[in-house]
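Here is the structure we will look at, set down as structure tokens.
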Amino acid sequence: MTNLPGFTESLKQLIASPSISSMQKSWDQGNQDIIHLLATWFEQLGFSISIHPVPGTENKFNLLAKLGSGEGGLLLAGHSDTVPFDENRWLSDPLTVTSKDDKFYGLGTCDMKGFFAFILEACKSLNAKKLAKPLYILATADEETTMAGARFFAQTQDIKPDVAIIGEPTSLVPVIMHKGHMSHRITVQGQSGHSSKPSLGVNAIEIMYQVIGELLSLKEKMAINYCNQSFDVTSPTLNLGAIKGGDNANRICGHCELDLDMRSLPGMTDAELIALLGEALAPLAEKYPNRISFDELHPSSPSFAQEQPCEFTSFAEEISGHKCCAVNYATEAPFIQQLGCQTLVLGPGSIDQAHQPNEFLSFSEIDKTNRLLTSMIYKYCF
Ligand SMILES: [Zn+2]
């Protein structure tokens, strides 16, 4: 047990073990080193470790560590990957923890490899023999891209903790709600031809113009028909993100594509959003048969809502000193919730520092986080 690093040293080792996930192949890395590091540490504390390769990925793994036995208990979860970094905008080496101005700087200090250093610290003083219920630790892969790790975990695991905490950077404010996210590509297939003979072609840009009109009125309708006051943006959103079509001024445009994303409120299902899209485009699909199609760009993430008040949310409010709130970013929470446990997103560091150069964790959060995790472990495992 004496081989375990102290908090700062474990943070350093976690940050120095690169585990970037990115849709760009040149950035994307496996996470085997950090998973191995976590396995080595928690094994020394008596946890049983299982490591699972995540299907559809290259060298990406989930780790589940378990201490104690029986039903229920607490799951502490986080993702082992980080986003890529822009080296020129960092003032220090992103992979080397640098202490300055009462902060630890480094890629993943707050989002969210640092959380595992806190868990390790909280677990060092546990008397495993006295555990009444199990303590689980989960480290997932690819949260920053496809959430493949959490999806796979939810589909394949049959553990059922009573409660789960995902240690994303919420400034230690318990988060009980966030929106879902889906993105689609709408494709209009026209018929190209010489611009001097419009009647011989079908202009895809002209049809897309009408499609956009329908989407903008859907956006207005959603703002009127759906509302959740817990969010600062109270309605579901629809964003037209990218458009591409045609090749030359003197050709009738034969093909046009539009990428959009929609963010649903808790309570709205993917099927409901897709039905709304389908309804909005139905008149045009009838007017232009077989010319308009829409496809998912990548797997959607559901919205998340934890019922409250319940004992778990009240306890989290009490020990954090903050009221539960809703946030706009998506997390792995809806997948963890599929285990059947009450779920909160609650962790040190601020989302304002996540995905930014010079990401940091403030020293001022260290003691608070240690106390919070220890209280949670004693409440739900002893
Ligand atoms: Zn994160």
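Numbered as in the working numbering, the sequence shown ends at 568 without a single skipped number.
The beta-carbon is built from N, C-alpha and C at its ideal position, and this holds for glycine as well.
| Check | Outcome |
| --- | --- |
| Nearest by alpha-carbon distance to M408: which of M454, G440, G427 is it? | M454 |
| Looking only at DSSP bridge pairs, what is I351 linked to? | L262, L530 |
| Inspect the CB distances between the region 464-476 and the region 440-455 and report whether three or more fall short of 8 Å. | no |
| Expressed to the nearest angstrom, what Euclidean distance is found between the alpha-carbon atoms of L547 and G258? | 31 Å |
| Are the CB atoms of E354 and D267 nearer to each other than 8 Å? | no |
| Beta-carbon distances below 5 Å to any heavy atom of ligand 1 define the shell here; list its residues in chain order, please. | D297, M298, E354 |
| To the nearest whole angstrom, what separates the beta carbons of I206 and G292, a pair I think is in contact under 8 Å? | About 13 Å separates the two Cβ atoms, so there is no contact after all. |
| In angstroms with no decimal places, state the Cα-to-Cα distance between S234 and T423. | 43 Å |
| Report the residue ranges of all beta strand (DSSP E) runs contained in full by the region 295-327; include only those spanning at least 3 residues, in chain order. | 321-326 |
| May I ask which residues mark the beginning and end of the beta strand (DSSP E) holding P239? | 234-239 |
| Rounded to whole angstroms, what is the Cα-Cα separation between E307 and F417? | 34 Å |
| Tell me, please, whether the region 515-530 touches the region 382-393 by the rule of three or more beta-carbon pairs shorter than 8 Å. | no |
| Report, in whole angstroms, the separation of the C-beta atoms of I478 and L467, which I expect to be a contact under 8 Å. | 6 Å |
| From what residue to what residue does the beta strand (DSSP E) around K286 run? | 284-286 |
| Would D553 be called buried (16 or more neighbouring beta carbons within 10 Å of its own) or exposed? | exposed |
| Helix, strand or coil for Y395? Go by DSSP, reduced to three states. | helix |
| Relative to the C-alpha of F228, which residue among I393, Y322, T326 is closest? | Y322 |
| Roughly how many angstroms lie between the CA atoms of K319 and L402, to the nearest whole one? | 52 Å |
| List the residues that DSSP assigns as beta-bridge partners of H364. | F490, V513 |
| Determine whether the Cβ of Q218 lies closer than 8 Å to any Cβ atom of chain C. | The displayed structure is made up of one protein chain only, and chain C is not part of it. |
| In the structure shown, what three-state DSSP assignment does Y412 receive? | coil |
| For the putative contact between T295 and L197, defined by C-beta atoms under 8 Å, what is the C-beta separation to the nearest angstrom? | 7 Å |
| Kindly indicate which three-state DSSP category N556 falls into: helix, strand or coil? | helix |
| Give me the residue from V397, T284, I393, L261 with the minimum Cα distance to Q199. | T284 |
| Could you compute how far the alpha carbon of T194 sits from the alpha carbon of L483? | 40 Å |
| Where does T194 sit, in a helix, a strand or coil, going by DSSP? | helix |
| Could you tell me whether the region 371-387 touches the region 432-443, where touching means 3 or more Cβ pairs closer than 8 Å? | yes |
| Could you spell out where the alpha helix (DSSP H) holding T499 opens and where it closes? | 497-506 |
| Which whole-angstrom value is the C-beta distance of P280 and S208, which I expect to be below 8 Å? | In fact, because the Cβ distance is near 14 Å, the residues do not count as touching under 8 Å. |
| Quick check: what's the CA-CA separation for S500 versus Y564? | 16 Å |
| Let me know if K299 comes out buried or exposed under the rule of 16 or more other beta-carbons within 10 Å of its beta-carbon. | buried |
| By DSSP's criteria, V374 is part of a beta bridge. Which residues make up the other side? | C442, I478 |
| Taking the alpha-carbon positions, what's the S236 to F304 distance? | 21 Å |
| Can the beta-carbon of Q523 be found closer than 8 Å to that of F498? | no |
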